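Colleague:
Chains as they are written, first to last, in the numbering used here: chain A, 1 to 81; chain B, 1001 to 1476.
1) What did DSSP end up calling residue 1095 of chain B once you bin it into helix, strand or coil?
2) Anything in chain B within Cβ reach of residue 79 of chain A, meaning under 9 Å, just list it in chain order.
3) Check each residue of the region 1013-1040 of chain B: if its Cβ is closer than 8 Å to any Cβ of chain A, include it; give the result in chain order.
4) Contact defined as beta carbons within less than 8 Å: I believe residue 75 of chain A pairs with residue 1138 of chain B. What is the distance between those atoms, to the nearest angstrom?
5) Quick one: grab the DSSP three-state call for residue 73 of chain A.
6) Under the three-state reduction of DSSP, which class applies to residue 1102 of chain B: helix, strand or coil?
7) Where does residue 1203 of chain B fall in DSSP's three states?
8) Would you call the region 1043-1063 of chain B and the region 1122-1133 of chain B touching, i.e. three or more CB-CB distances under 8 Å?
9) Nearest-angstrom Cα distance between residue 1151 of chain B and residue 22 of chain A?
10) Near residue 1161 of chain B, what residues of its chain come up, given a Cβ to Cβ distance below 6 Å and the 5 sequence neighbours on each side ignored?
11) Can you pull the chain A residues whose beta carbon is under 9 Å from the beta carbon of residue 1216 of chain B, in chain order?
12) Which residue marks the beginning of the beta strand (DSSP E) containing residue 1349 of chain B, and which one marks its end?
13) Considering only residues of the same chain and omitting the five flanking positions on each side of residue 1084 of chain B, which have a CB-CB separation below 6 Å?
14) Report yes or no: do three or more beta-carbon pairs, one from the region 1154-1174 of chain B and one from the region 1183-1192 of chain B, lie closer than 8 Å?
15) Enumerate in chain order the residues of its own chain whose CB-to-CB distance from residue 80 of chain A is below 6 Å, with the five nearest sequence positions on each side excluded.
16) Find out if the Cβ-Cβ distance for the pair residue 2 of chain A, residue 44 of chain A is shorter than 8 Å.
17) Could you tell me the boundaries of the beta strand (DSSP E) in which residue 11 of chain A lies?
18) Can you name the residues of chain A whose CB is closer than 8 Å to the CB of residue 1049 of chain B?
19) Just the Cα atoms here: how many angstroms apart are residue 1447 of chain B and residue 40 of chain A?
20) Within 10 Å of its beta-carbon, does residue 1021 of chain B have 16 or more other beta-carbons around it, so buried, or fewer, so exposed?
21) Work out the CA separation of residue 1248 of chain B and residue 1204 of chain B for me, nearest whole Å.
22) First and last residue of the beta strand (DSSP E) that includes residue 3 of chain A?
23) Determine, using beta carbons only, whether residue 1475 of chain B comes closer than 8 Å to chain A.
24) Please classify residue 1099 of chain B: is it buried, with 16 or more other beta-carbons within 10 angstroms of its beta-carbon, or exposed?
25) Could you tell me which residues DSSP pairs with residue 1438 of chain B in its beta bridges?
26) Between residue 1007 of chain B and chain A, is there a C-beta pair that is closer than 8 Å?
27) Straight-line CA distance for residue 1169 of chain B to residue 1091 of chain B?
28) At a Cβ cut of 7 Å, what residues of the region 1369-1403 of chain B count as close to chain A, listed as they run along the chain?
29) Shortest alpha-carbon distance to residue 1143 of chain B belongs to which of B:1343, B:1433, B:1272?
30) Should residue 1015 of chain B be labelled buried (16 or more other beta-carbon atoms within 10 Å of its own) or exposed?
31) Looking at the strands, I want to know which residues DSSP matches up with residue 1055 of chain B.
32) Please name the residue or residues paired with residue 1090 of chain B in a DSSP beta bridge.
33) Determine the DSSP secondary structure at residue 19 of chain A, reduced to helix, strand or coil.
34) Answer with yes or no whether the minimum CB distance from residue 1236 of chain B to chain A is below 8 Å.
35) Helix, strand or coil: how does DSSP classify residue 1476 of chain B here?
36) Would you please verify whether the beta carbon of residue 1277 of chain B is less than 8 Å from any beta carbon of chain A?
What follows is the structure, given as structure tokens:
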């Protein structure tokens, strides 16, 4: 697992290789840490985590501003509400 | 269509073709093997649905506590109600293959052990199979760990005998089982014959003095009282604690000032339909699981046999049958026992004496994996999930890291033990039993919820530790 600052207000959370529940737990903790309006780019490859992360964001009001998918790898940019 | 897509489609077609050729070939050898083909294709459907809906019983309870997401809990309740509705019809027509299990607090304890295990493992028993089909190495490790644990735990005696209460030992010996089984030796043997078999079998129909096979018993007792009402109440609880607040916030943004009953009902319904994929998967799974009982019972009538072991015996395949001439043949969706048999068969080939116990020797046997019908259901489940993952470009080989391998092995061990204590896993001991009005089903479910809570508490602590280090490095 890697969490790093990419630029001002943009962070990257890499949870490739992790299975449930790790990607969604790490995403929740990362979003809890950043400030409102900042973006966390979540990189994961466990499809079922995507379903949970999407519902989690829907509940919290955090916005998934971009979703990319290639060869079983997902990159989602989530803007904290 | 690019090259990658063409390749994935060819692989998917190849897997489909493999099961197709296998089914036709088996039927061509002998019509009795139609039995295996039926298990294969229901397993294939389960695999496709599970992957499509990211359907994992583990996340139903775990994601509620971990990230406040109710979508899988909702999906499972949909599947359970539909399975129960089809199951009630099947029961009322006398075509059910289901037998209720003894009920006592053991189901709660078993559920807790299993629940902790499935959070560690990252998926339930069927979830680990479908994720194996997505190319997930951790999930495969879970399956291997679970299988090995069952194969070792079922015949285990030695020092474990010292943990057996004298009353269990005496009760087990008094059952008068065949000498070859040696019911007074082995922890699981004495647990089963000395404790579990002495517990009452309770169904909701029975509580009202109705037969499970009567229309009133099946539809009123087992479906309405046993499934629909508890499921609706649980969904209301989940709505209030995990979904209502976000629904109100969204409505407030649209100008809502006061929640009326109509708004609450709309919020409840919105939660049900929040994840279409999960809801659709639950719908198909529920109907398919009920139909499988109907089809298998039809085959049993057609072939004049109550267990597939009888068919194997007629064909001259008597190796690996239990002392009763049976093998594991639930007649419905079930996971774990067939996986335990695979590893039991391997251990047997290396000389292990593992048929002198109730689990293998008296009840389930250890058939050659090539003719293990529920075993083929699990293999086809992996295949069906692989096809779905390939078609959606979600297949990816993933080697587990040391950390994930550790969780997978620990989780598999706990799931293996929990499934034997509860006489089934999240499917056999929860989904199927709840759906068929067996009172032990909800008890196992309660245990799984408690187990999931414990598992999530642990992972919250674990991930917080790791995240703190990362946050420190990220200058946040």
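Every residue gets a Cβ at the ideal spot worked out from N, C-alpha and C, and that includes glycine. Given the structure is predicted, the values throughout are model-derived calculations rather than measurements.
Modeller: Let's see:
1) Taking the second chain and counting its residues from 1, the one referred to as residue 1095 of chain B is at position 95. For residue 1095 of chain B, the three-state secondary structure derived from DSSP is coil.
2) Numbered from its first residue, the first chain carries residue 79 of chain A at position 79. None at all; the shortest Cβ gap to chain B is about 16 Å.
3) Correct list: empty, as no residue qualifies.
4) For the purposes of this step, residue 75 of chain A is taken as the residue at position 75 of the first chain. For the purposes of this step, residue 1138 of chain B is taken as the residue at position 138 of the second chain. That belief does not hold up - the Cβ atoms of residue 75 of chain A and residue 1138 of chain B are roughly 21 Å apart, past 8 Å.
5) Within the first chain, numbered from 1, the residue matching residue 73 of chain A stands at position 73. Residue state, collapsed to three classes: strand.
6) Position 102 of the second chain, counted from the start, is the residue given in the question as residue 1102 of chain B. Here residue 1102 of chain B carries a strand assignment [DSSP, helix/strand/coil].
7) As a working mapping, residue 1203 of chain B is identified with position 203 in the second chain. Here residue 1203 of chain B sits in strand by DSSP.
8) The region 1043-1063 of chain B vs the region 1122-1133 of chain B: in contact.
9) Counting from one through the second chain, the residue named residue 1151 of chain B turns up at place 151. Counting from one through the first chain, the residue named residue 22 of chain A turns up at place 22. One C-alpha to the other measures close to 29 Å.
10) Taking the first residue of the second chain as 1, we reach residue 1161 of chain B at position 161. The beta carbon of residue 1161 of chain B is closer than 6 Å to none in its chain, skipping five residues each way along the sequence.
11) Locating residue 1216 of chain B in the second chain gives position 216, where the first residue counts as 1. Those within 9 Å of residue 1216 of chain B in chain A number zero; the least Cβ separation is about 39 Å.
12) For the purposes of this step, residue 1349 of chain B is identified with residue 349 of the second chain, where counting begins at 1. In this chain, residue 1349 of chain B is not harboured by any beta strand (DSSP E); it is covered by the alpha helix (DSSP H) spanning 1337-1349.
13) As a working note, residue 1084 of chain B is residue 84 in the second chain. Exclusion of the five residues before and after residue 1084 of chain B leaves 1223, 1227, 1435 as the residues of its chain whose Cβ lies within less than 6 Å of its Cβ.
14) Enough Cβ pairs lie closer than 8 Å, so yes.
15) Along the first chain, one-based indexing puts residue 80 of chain A at 80. So the qualifying residues of the chain are 31, 34, 36, 38, 62.
16) Sequence index remark: in the first chain, residue 2 of chain A carries index 2 (1-based). Sequence index remark: in the first chain, residue 44 of chain A carries index 44 (1-based). The answer is no: Cβ separation not under 8 Å.
17) Taking the first residue of the first chain as position 1, residue 11 of chain A is located at position 11. Residues 10-14.
18) Working through the second chain from its first residue, we reach residue 1049 of chain B at position 49. Near residue 1049 of chain B there are no residues of chain A at all, since even the closest Cβ is about 13 Å away, more than 8 Å.
19) Numbered from 1 along the second chain, position 447 holds the residue referred to as residue 1447 of chain B. Numbered from 1 along the first chain, position 40 holds the residue referred to as residue 40 of chain A. Rounded to whole angstroms, residue 1447 of chain B to residue 40 of chain A spans 36 Å at the Cα level.
20) As a position in the second chain, residue 1021 of chain B is number 21, starting the count at 1. Sixteen is the threshold: since fewer than 16 other Cβ atoms of the shown chains lie within 10 Å of the Cβ of residue 1021 of chain B, the residue is exposed.
21) Taking the first residue of the second chain as position 1, residue 1204 of chain B is located at position 204. Taking the first residue of the second chain as position 1, residue 1248 of chain B is located at position 248. Distance between the alpha carbons of residue 1204 of chain B and residue 1248 of chain B is about 37 Å.
22) As a first step, residue 3 of chain A must be located in the first chain, where it is residue number 3. 2-7 is the extent of the beta strand (DSSP E) around residue 3 of chain A.
23) As a first step, residue 1475 of chain B is located in the second chain; it is residue number 475 there, counting from the start. True, the Cβ-Cβ gap to chain A drops below 8 Å.
24) By 1-based counting over the second chain, the position of residue 1099 of chain B is 99. With fewer than 16 other CB atoms across the displayed protein chains lying within 10 angstroms of its CB, residue 1099 of chain B is exposed.
25) Within the second chain, residue 1438 of chain B is the residue found at index 438, counting from 1. B:1203, per the DSSP bridge assignment.
26) Position 7 of the second chain, counting from 1, holds the residue named residue 1007 of chain B. It does not; no Cβ of chain A falls within 8 Å.
27) Locating residue 1169 of chain B in the second chain gives position 169, where the first residue counts as 1. Locating residue 1091 of chain B in the second chain gives position 91, where the first residue counts as 1. Between the C-alpha atoms of residue 1169 of chain B and residue 1091 of chain B there is a straight-line separation of about 36 Å.
28) Residues passing the 7 Å Cβ filter: 1393, 1394, 1395, 1396, 1398, 1401.
29) Counted from its first residue, the second chain places residue 1143 of chain B at position 143. The residue with the shortest Cα to Cα distance from residue 1143 of chain B is B:1343.
30) Residue numbering aside, residue 1015 of chain B sits at position 15 when the second chain is read from its first letter. Only buried fits residue 1015 of chain B, as 16 or more other CB atoms lie within 10 angstroms of its CB.
31) Indexing the second chain from 1 puts residue 1055 of chain B at position 55. None; residue 1055 of chain B has no bridge partner.
32) Translated into positions along the second chain, residue 1090 of chain B becomes position 90. Answer is none; residue 1090 of chain B lacks a bridge partner.
33) Against the first chain, residue 19 of chain A aligns to sequence position 19. The answer is coil: DSSP assigns residue 19 of chain A none of H, G, I, E or B.
34) Against the second chain, residue 1236 of chain B aligns to sequence position 236. Chain A contact via Cβ: absent.
35) Sequence index remark: in the second chain, residue 1476 of chain B carries index 476 (1-based). Residue state for residue 1476 of chain B is assigned as coil, using DSSP reduced to three classes.
36) Start at 1 with the first residue of the second chain, and residue 1277 of chain B comes out as number 277. True, the Cβ-Cβ gap to chain A drops below 8 Å.
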